[in-house]
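The structure appears right after this line, and notes come after that.
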Amino acid sequence: MLDEFEVTGRARTHVTQFASPRFAAHPQAADAFLALRKAAADAGFDLHPVSSFRGYAMQVRIWNRKFSGRAPLYDIDGRPRDVRGFDDDTRIRHILDWSALPGASRHHWGSEIDVVDANAMPPGYLAKLLPEEVRDGGLFAPLHRWLDAHLGEYGFFRPYARYQGGMFPEPWHLSYAPVSLRAIDDLDLALLRRVTAESTLLGKERVLALLPEILERHVRNIVSPS
Ligand SMILES: [Zn+2]
């Protein structure tokens, strides 16, 4: 059970920070991830956590960069969109294709880790976390075929395995089910409304109006563990 500050990323009392590799996660999720990482290493992969726990303030920075046009909005294939002429609702819907609403990010829970295979990266390569890296022939495709077979053994699943009207597919986003399946129940509309109302998030008035839809389409609408 996460409290209202933990589940919305406004506290980090539920996560442990690790130095090498550098990541922060719920202790149970971290143990499982390190075991998965060990098994991956035995198979020749360096399962590297690119993004793990993320707090509310960081998610607001990501959101505001996208809302203000300082960061690109991508389509489902990872190509930047032409945002000229987008009204606020369109902008918000397209941010939500790839990024969670602050307060409603699964990364707040400490159960989610975005991964790459550091062994597959050429020197100086910066992981993009875009479809081109994970599709057949992509840099991280071999890691993902290995994960297809093994992540379930360690309690992980892919909540964004395929597009079903909410988030675009993010195969690199792994979720530790024993923590995340409980955390999702700790988040409700009233809490999200309260947190959003107090936020410095751009487009806040429209977000508040769209909140019930966002909760259903983008937060609860995940691919369940098989
Ligand atoms: Zn992620």
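Each residue of the sequence shown is one higher than the last, beginning at 1069 in this note's numbering. The beta carbon of each residue, even a glycine, is placed where N, CA and C say it ideally should be.
Neighbourhood of residue i by C-beta distance below 6 Å, restricted to the same chain and skipping five residues each side
i	result
Ala1108	Leu1115
Leu1104	Tyr1222
Val1184	His1116, Val1118, Ala1195, Phe1208
Three-state secondary structure assigned by DSSP to residue i
i	result
His1082	coil
Tyr1244	strand
Phe1236	coil
Asp1182	strand
Phe1224	strand
Leu1219	helix
Arg1203	coil
Phe1073	helix
Arg1213	helix
Ala1172	coil
Arg1161	helix
Ala1229	coil
Ala1188	helix
Close Cβ partners of residue i (< 7 Å) along its chain, the five nearest in sequence each way excluded
i	result
Ala1097	Gly1178, Ser1179, Tyr1244, Val1247
Leu1070	His1082, Trp1177, Ala1251, Asp1254
Asn1289	Gln1232, Gly1233, Gly1234
Arg1230	Pro1237, Val1291
Ser1173	Gly1077, Arg1122, Gln1127
Phe1113	Asp1185, Asn1187, Leu1211, Trp1214
Contact test: residue i Cβ vs ligand 3 heavy atom, cutoff 7 Å
i	result
Glu1180	Ligands displayed in this structure: ligand 1; ligand 3 is not among them.
Proximity of residue i and residue j at Cβ, strictly below 8 Å
i	j	result
Phe1224	Leu1197	no
Gly1077	Gly1171	yes
Thr1264	Leu1276	yes
Leu1141	Arg1133	no
Gly1146	Glu1072	no
Ile1130	Gly1271	no
Ser1120	Ala1092	yes
Residues near residue i in its chain [Cβ-Cβ closer than 8 Å; skip 5 each side]
i	result
Arg1202	Looking at the sequence itself, residue 1202 is Val, so the reference to Arg does not match. The answer, listed in chain order, is Phe1208, Ala1209, His1212, Pro1239, Trp1240.
Gly1137	Val1151
Glu1273	none
From the options, residue whose alpha carbon lies closest to that of residue i
i	options	result
Leu1219	Ile1181, Val1275, Ala1168, Met1189	Ile1181
Asp1157	Pro1191, Val1287, Leu1279	Leu1279
Ala1079	His1094, Arg1149, Pro1293	His1094
Val1287	Arg1147, Ala1168, Ile1130, Ala1111	Ala1168
Gln1257	Arg1285, Gly1271, Thr1268, Phe1091	Just to set this straight, residue 1257 is Leu in the shown sequence, not Gln. The shortest C-alpha separation from Leu1257 is found at Arg1285.
Tell me the start and end of each unbroken alpha helix (DSSP H) in the stretch 1084-1157 that is at least 4 residues and wholly inside, in chain order.
1095-1110, 1124-1135
Which residue spans inside the stretch 1249-1292 form an unbroken beta strand (DSSP E) run of at least 3?
none
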